[in-house]
Amino acid sequence: MRFEELLIEEFGVSTYDLEKATSYQSKYGGQLENILVNIGRLSDDQLPNIYSKYLKLPILNLSDWQLDALPKIESDKLKFLTERAWFPLVCEGECWTFACKYPLDITVNDWLNRQQIMAEIYIASDADTQQLQLLFEKMNDVEESEELYNGDEEEKLRELATEAPTINFLNSLISKALRQGASDLHIEPFEGRYRARFRVDGVLHEAETIAPRMQLPIVTRLKILSGMDIAEKRRPQDGKIEMRVSNQEIDIRVSALPLNDGESMVLRFLRKDNVRYDMSVLGLSQDIESLIKQDIKTTSGVVLLTGPTGSGKTTTLYTFLNALNNKDVKIITLEDPVEYQLPGINQVQVNSGIGFDFAAGLRSIVRQDPDIIMLGEIRDKETAQIALQSALTGHLVFSTVHTNDAASAYTRLLDLGVEEFLLNAALVSIVAQRLARKICPECKVAHPEAEYLENKYKLVELAKRFHLSRIDLSLGQGCEACAHTGYKGRMAITEYLRCDDQIKSMPKDGNFLTKAKEHNNDLNRRTLLEDGLYKAVLGLTTIDEVIRVAG
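Mapping of the sequence shown onto my numbering: residues 513 to 1063, in sequence order.
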């Protein structure tokens, strides 16, 4: 069977996608299967099976091999082979057994012919390749990493960072992270090695172990691509990469942080093409969504979002702005940094290095005659006062503060030095937010401990209080669609506090938080925990997830 026929018949590649990949291959070269991976029509995990079926070669099972007794061969030969992901498992005269990632490597096959070596080949997965790379590095105590510190270190690092193994590994890692829906990629030292972890739906998962030989080249390549100084290892650095992966435009924010045992690199992925700023996507409860829609239609005042870093505050603010964005209003945002470009909206980047901070930027924005202002964060008294005073002069202002719940925003702003009368006059509403993972719809089943959980968290009373007809506690069993986590996607869990006359009339003293919560309870509005349990009762998330983010 021809290779193209195998891809169509066995692995579901369409004729259209194959023609598209073949056309690209004829123009620019490359392996057909890798092109299909890059355009998102195949996954890296399928490649071992493709090679195995096409070449009729067995797939490696590492547990079948004695990995503490690997053969020792000349260092130059070993370097040549391992750099191309070919690992000798047995070397007996002219008959060698290899585990390899790509068995059709022409360079290696030519070398084997010249050496008159008969090769028995097993196909290795990405995970097995990484494990073998690590084992061979440790076994042979590779000297190249020590040599980097002799002579021209920077030039050697640049050279290593542009070699094919470094480029291919980093591209593969980024592609894999994006396919799994990761928001961040962490590359960091851990217990004498480097590891790569993906943050998917707010939770970190270990993805790869990076071989010692690859550690410095990978870090250096990331620094080169993001415009950092590769010789600087003592101070934190920030950079940015713009690239196109699988037909997606991606902005990658890169952060380098020096640690005692190396550097931690964190990549944050900002997808340009497929971000939707729609109320329905946020997952707000209908009653809270209705109240928020009323608030954002006011012509002046301040609407605040509160929550820790990574709780989706910026995305929610962008959604509010998108709902208000039309040709009749002027909207200006002041952000640090500007994460996504919103058409029709004037977005301003803070630059503290030249004295253009939030306070200075906000003063300039007000002189631009905006109708709506979005301020990335209120961090100090001056910024808070200008924002609140702007609301009193006819502007609708959106911003964020870091507090645990809605009512605590008052005490946070008072701690910054803002006068109580200004808060009472300007604040419209405060929304506290967390992000909870949603149950994967592909593997969703009824929760086996539903009765126990109903009693423990008094869910029958909660369902009656909020007029829910039934309790649908569920969980995800784990499947390929959700990478066997049981969760896919996230939604907002919120606590809403409207700054009505009763809230304004309350003294903002030590009893304010208790009284504000009692007032919200009297209006039958939910706390963060209650809103999470409300969504668990509807079968949208799990009790465990609610307790994790809001318990």
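Ideal placement from N, C-alpha and C gives every residue a C-beta, glycine not left out. This one's a predicted model, so the numbers in the text were calculated from it and none came from an experiment.
Taking 8 Å as the cut-off, the Cβ atoms of Ala835 and Met886 do not count as close. If you look at Trp598, you'll find it in the beta strand (DSSP E) that goes 598-604. Taking C-alpha positions only, His698 is separated from Glu1057 by approximately 23 Å. Under the 10 Å beta carbon count, Ser911 is surrounded by 16 or more other beta carbons and is classified as buried. Per the DSSP secondary-structure output, Leu1045 pairs with nothing in a beta bridge.
In this structure Leu833 touches Ile857 by the C-beta definition: roughly 6 Å separates them, less than 8 Å.
Considering only Leu846, Phe710, Arg946, Lys1020, the residue with the shortest C-alpha distance to Glu1007 is Arg946. Contact between the stretch 804-816 and the stretch 905-923 is present: three or more C-beta pairs spanning the two stretches fall below 8 Å. Exclusion of the five residues before and after Ala639 leaves Glu720 as the residues of its chain whose Cβ lies within less than 8 Å of its Cβ. For Val972, the three-state secondary structure derived from DSSP is helix.
For Ser695, the three-state secondary structure derived from DSSP is strand.
Annotated three-state conformation of Lys745 is coil, per DSSP. Taking 4 residues as the minimum length, the alpha helix (DSSP H) runs contained wholly in the stretch 915-995 are 920-928, 932-938, 962-968, 971-977, in order along the chain. Excluding sequence positions up to five before and after Leu690, its CB lies within less than 6 Å of the CB of Val757, all in the same chain and listed in chain order. Remark: fewer than three beta-carbon pairs, one from each stretch, lie closer than 8 Å, so the stretch 998-1014 and the stretch 958-972 are not flagged as touching. Here Val793 carries a helix assignment [DSSP, helix/strand/coil]. Between the stretch 709-724 and the stretch 745-754, the count of Cβ pairs shorter than 8 Å is below three; the stretches do not touch. Scanning its chain for C-beta atoms nearer than 7 Å, with the 5 sequence neighbours on each side dropped, one finds around Glu754 the residues Asp763, in chain order. Distance between Ile843 and Lys950, taken at the CA atoms: about 32 Å. Glu775 sits close to Leu769, with the two beta carbons spaced by under 8 Å. In the three-state reduction of the DSSP assignment, Asn550 falls in the helix class, which pools H, G and I. DSSP places Ile843 in the uninterrupted beta strand (DSSP E) bounded by 843-847. In the structure shown, Pro770 falls within a strand segment according to DSSP collapsed to helix, strand and coil. For Glu586, the closest of Thr594, Thr534, Phe868 by C-alpha to C-alpha distance is Thr594.
Residue state for Ser911 is assigned as strand, using DSSP reduced to three classes. For Trp577, the closest C-alpha among the options Ala636, Thr831, Phe702 is that of Ala636.
The beta strand (DSSP E) runs of length 3 or more contained entirely in the stretch 806-865 are, from start to end of the chain, 813-818, 843-847, 858-861. Relative to Glu671, the option among Ile742, Leu1045, Asp617 whose CA is nearest is Ile742.
In the DSSP secondary-structure assignment, Arg711 is bridged to Asp696, Leu716. The Cβ atoms of Pro701 and Asp773 lie closer than 8 Å to each other. As a beta-bridge residue in DSSP terms, Cys612 pairs with Trp598, Ile635.
Inter-residue distance for Leu925 and Cys1011 is about 14 Å (C-alpha atoms, whole angstroms). A direct Cα-Cα distance of roughly 10 Å separates Leu682 from Val731. A distance below 8 Å between beta-carbons, with the five flanking residues on each side excluded, links Tyr563 to the following residues of its chain, in chain order: Leu569, Tyr614, Pro615, Leu616, Ile635.
Proximity to Ala918 across Ala962, Leu1045, Phe1024 peaks at Phe1024, based on C-alpha coordinates.
As the crow flies, the alpha-carbon of Glu963 is around 39 Å from that of Lys688.
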